[in-house]
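Chemist: Take a look at the following structure, please.
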Amino acid sequence: MSEWPLIAFTTTLQLSCGLALATTLYDRVPRKSNEFAVRALGISIFPIAAMGVLASLFHMGRPLSAWRALLNLPTSRLSIEVLLSGLFAIAALAYSWLWKIRRKKGRFGLGGAVSLIGLAAVVSSATVYMAPTEPAWNSPWVPISFLGAALLFCGLAPVSMTDLRPDEDLRRIFLVTTASGAAVILVSAGLMVVRLSAPPAGEFASVRFHEILRWLLSRGSVPLGIFVMLAGVLPMAFAFKLWTSGKPVGRMGRLVFPAALAGAVIGRWLMYAVGTKFFPF
Amino acid sequence: MKQIAFYVDATKCINCKTCEIACKDVNNAALGVRIRKVRTFEGGEFPNVFVYNISMSCNHCEDPVCVKNCPARAYTKRPEDGVVLQNPDACIGCRNCTWVCPYGAPQYDPGAGRVRKCNMCVGLIAKGEDPVCVTACPMRAIEVGSLEEIARRVDATISLRDLPLPGLTMPSCRYKARREASGG
Chain A
362 MSEWPLIAFT TTLQLSCGLA LATTLYDRVP RKSNEFAVRA LGISIFPIAA MGVLASLFHM
422 GRPLSAWRAL LNLPTSRLSI EVLLSGLFAI AALAYSWLWK IRRKKGRFGL GGAVSLIGLA
482 AVVSSATVYM APTEPAWNSP WVPISFLGAA LLFCGLAPVS MTDLRPDEDL RRIFLVTTAS
542 GAAVILVSAG LMVVRLSAPP AGEFASVRFH EILRWLLSRG SVPLGIFVML AGVLPMAFAF
602 KLWTSGKPVG RMGRLVFPAA LAGAVIGRWL MYAVGTKFFP F
Chain B
206 MKQIAFYVDA TKCINCKTCE IACKDVNNAA LGVRIRKVRT FEGGEFPNVF VYNISMSCNH
266 CEDPVCVKNC PARAYTKRPE DGVVLQNPDA CIGCRNCTWV CPYGAPQYDP GAGRVRKCNM
326 CVGLIAKGED PVCVTACPMR AIEVGSLEEI ARRVDATISL RDLPLPGLTM PSCRYKARRE
386 ASGG
């Protein structure tokens, strides 16, 4: 499969959007957490977003002509996605710079703007796949999975990386965000299977969906299981354990974020597999 | 708007793929790039089984999703005859059209980093000749003409059981197929 650049692009877009939301919250709610780690998260937003945009160029046959992707803004969802992703990367550059130079003035406002642009970019990237002519993707499970991943990263990255203390309000906020993001991802995985089980009208779609579902429940069942465990069950269990135990994050807890990230990447790979594995006519 | 269209008599098609080869030849298409494709479909239950072949390239749809979705404006629909043209020089190789076209008409050429598709041999049509797939077919199964005239033929249909629902893009191509293949 040749969709790895897009897997990298969509996942890093959601990660950087989640980090922008998280660091914006850090600026609003009083905190006692590790300033160095929070600042590292703030600074990392731009490089992650830039890496994603760079990775997306490798998907193109002619990367040097990538600017032409902006020529059809009135009717092409892909043009809108490219515009919003580019704007997000530029805004993230300014926001990460404010974190780097430790300037607090205007940072919260810019963080809010970056988060909103990021969310708009995440939604627009999901709508690219929701074409009536591609019935496997033309369903709410695609935008739900994209937004769920952004929500998961928004909660899990700070909980796992920044030594939030058990008595902090922020920690409770991020734990709820983590559990919500994981729940949304589980819902999206369920909706994907439900969608593939109920093909739209017509013999053509019926045969195609049957093939995709058969693949998903046989060879695709292992990546599906890993995706559900790593990006859904594990972060949710982690959030519940921290909430109930009231203990700080241990060394094993630090591994939950990279594990969930890997799970999200596998989930995205599955999304492209069910959409592009069985091309039409 | 006038619309010219392909008419394929699937009851005559013997799956020799001469149309496909002629198309590849005239377009100098790379290995794996199938601007016109012949595919075989099977159906029914023993002992009432059937098989039929469909030769298909771009359907030059009345509502072409490739034109709408191409971010680089590489696609245009000619107002004078409804032919959907793709400009390979404007293509950026994002492959969005290969996803949104339900018929798989746009074909990505990894070597060139761009997409190719049927342009209905507009150069030949301008000279009063037929597209190469039409002239190459030994069974005379492919024709090209006005959609208005073709659609009036008794057996002409675009609604086949193994094709996507025509309402998605309103394809201009019409087929004559055996009765069991109708539907879709």
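These protein sequence lines are chains A and B, in that order.
For the first sequence, this note's numbering assigns the number 362 to the initial residue and increments by one for each residue that follows.
For the second sequence, this note's numbering assigns the number 206 to the initial residue and increments by one for each residue that follows.
Glycine included, C-beta positions come from ideal geometry on N, C-alpha and C.
So, for Ala623(A): in the same chain, excluding its five sequence neighbours on each side, which residues have a beta-carbon less than 7 Å away from its beta-carbon?
Modeler: Here the set comprises Leu591.
Chemist: So what's Glu348(B) in DSSP terms, helix, strand or just coil?
Modeler: Glu348(B): strand per DSSP, three-state reduction.
Chemist: Determine the burial state of Met375(B): buried for a count of at least 16 other Cβ atoms within 10 Å of its Cβ, exposed for fewer.
Modeler: Counting Cβ neighbours within 10 Å, Met375(B) comes out exposed, since fewer than 16 surround it.
Chemist: In chain B, which residues lie with their C-beta within 8 Å of the C-beta of His420(A)?
Modeler: Simply Cys299, Arg300.
Chemist: Specify whether the segment 577–587 of chain A and the segment 535–544 of chain A touch according to this definition: at least 3 beta carbon pairs, one from each stretch, less than 8 Å apart.
Modeler: As far as the Cβ criterion goes, the segment 577–587 of chain A does not touch the segment 535–544 of chain A, which means the pair count is below three.
Chemist: Since Cys515(A) and Gly628(A) are thought to touch, with beta carbons under 8 Å apart, how far apart are those beta carbons, to the nearest angstrom?
Modeler: Not really, about 17 Å apart at Cβ, beyond 8 Å.
Chemist: With respect to the alpha helix (DSSP H) encompassing Ile534(A), which residues constitute its N-terminal and C-terminal limits?
Modeler: Per DSSP, Ile534(A) belongs to the alpha helix (DSSP H) from 530–558.
Chemist: Give every residue of the same chain whose Cβ lies closer than 8 Å to the Cβ of Thr223(B), excluding the five residues on either side of it in the sequence, and list them in chain order.
Modeler: Closer than 8 Å at the Cβ level, and outside the excluded window around Thr223(B), lie Ala341, Cys342, Pro343.
Chemist: What residues from the segment 425–453 of chain A come within 8 Å of chain B, judged by C-beta to C-beta, listed N to C?
Modeler: Listed in sequence order: Ser426, Ala427, Arg429, Ala430, Leu431, Leu432, Asn433, Thr436, Ser437, Arg438, Leu439, Ser440, Val443.
Chemist: Between the segment 271–286 of chain B and chain A, which residues of the former have CB atoms less than 7 Å from a CB of the latter, in chain order?
Modeler: Within the segment 271–286 of chain B, the qualifying residues are Lys273, Asn274, Cys275, Pro276, Ala277, Arg278.
Chemist: At a CB-CB cut-off below 8 Å, which residues of chain B make contact with Phe565(A)?
Modeler: The contacting residues are Arg366, Asp367, Leu368, Pro369, Leu370, Gly389.
Chemist: Tell me which same chain residues have a C-beta within less than 7 Å of the C-beta of Gly316(B), skipping the five on either side of it?
Modeler: Result list for Gly316(B): Ala235, in chain order.
Chemist: Within a Cβ cutoff of 6 Å, which residues of the same chain sit near Met325(B), ignoring the five residues on either side of it in sequence?
Modeler: Around Met325(B): Val288, Pro336.
Chemist: Is the Cβ of Gly318(B) closer than 7 Å to any Cβ of chain A?
Modeler: For Gly318(B), the answer is yes, since a Cβ of chain A falls inside 7 Å of its Cβ.
Chemist: CA-CA distance, Phe588(A) and Val213(B)?
Modeler: Between Phe588(A) and Val213(B), the C-alpha separation is close to 46 Å.
Chemist: What separation, rounded to the nearest whole angstrom, lies between the Cα atoms of Ser446(A) and Val414(A)?
Modeler: Taking the straight line joining both Cα atoms gives about 7 Å.
Chemist: Under a CB-based cut-off of 7 Å, is Glu572(A) close to chain B?
Modeler: For Glu572(A), the answer is no, since every Cβ of chain B falls outside 7 Å of its Cβ.
Chemist: Residues of chain B with a CB under 7 Å from the CB of Arg423(A): which are they?
Modeler: The contacting residues are Ile297, Gly298, Gly318, Arg319.
Chemist: Around the Cβ of Glu334(B), are there at least 16 other Cβ atoms within 10 angstroms (buried) or fewer (exposed)?
Modeler: Its Cβ having fewer than 16 others within 10 Å, Glu334(B) is exposed.
Chemist: Mind listing the chain B neighbours of Ala562(A)? Cutoff is C-beta to C-beta under 9 Å, in chain order.
Modeler: What Ala562(A) touches in chain B: Leu370.
Chemist: Tell me, which residues are paired with Ser387(B) by DSSP?
Modeler: Answer is Leu365(B), bridged to Ser387(B).
Chemist: I'd like to know if Leu352(B) contacts chain A, where contact means its C-beta is closer than 7 Å to some C-beta of that chain.
Modeler: Answer no: the Cβ-Cβ gap between Leu352(B) and chain A never drops below 7 Å.
Chemist: Going straight from the alpha carbon of Ile406(A) to that of Leu382(A), what length do you get?
Modeler: Using only the alpha carbons, I get a separation of about 10 Å.
Chemist: Tell me, to the nearest whole angstrom, how far the beta carbon of Leu373(B) is from that of Pro501(A); I am working on the premise that it is less than 8 Å.
Modeler: Leu373(B) to Pro501(A), Cβ: 19 Å. No contact.
Chemist: What residues of chain A sit near Thr374(B), judged by a beta carbon separation below 8 Å?
Modeler: By Cβ distance, chain A contributes Thr494.
Chemist: For a quick check, are the C-beta atoms of Pro496(A) and Pro561(A) less than 7 Å apart?
Modeler: Yes, these two residues count as a Cβ contact at 7 Å.
Chemist: Short of 7 Å in beta carbon distance, which residues of its chain neighbour Met421(A), apart from the five on each side in sequence? Order them along the chain.
Modeler: Excluding sequence neighbours, Met421(A) sits near Ala427.
Chemist: Taking a contact to mean a Cβ-Cβ separation below 7 Å, would you say Gly581(A) touches Ile546(A) in this structure?
Modeler: No, these two residues do not count as a Cβ contact at 7 Å.
Chemist: Judging by CA-CA distance, which residue of Gly249(B), Lys229(B), Cys228(B), Lys217(B) is the nearest neighbour of Arg366(B)?
Modeler: Considering only alpha carbons, the answer is Gly249(B).
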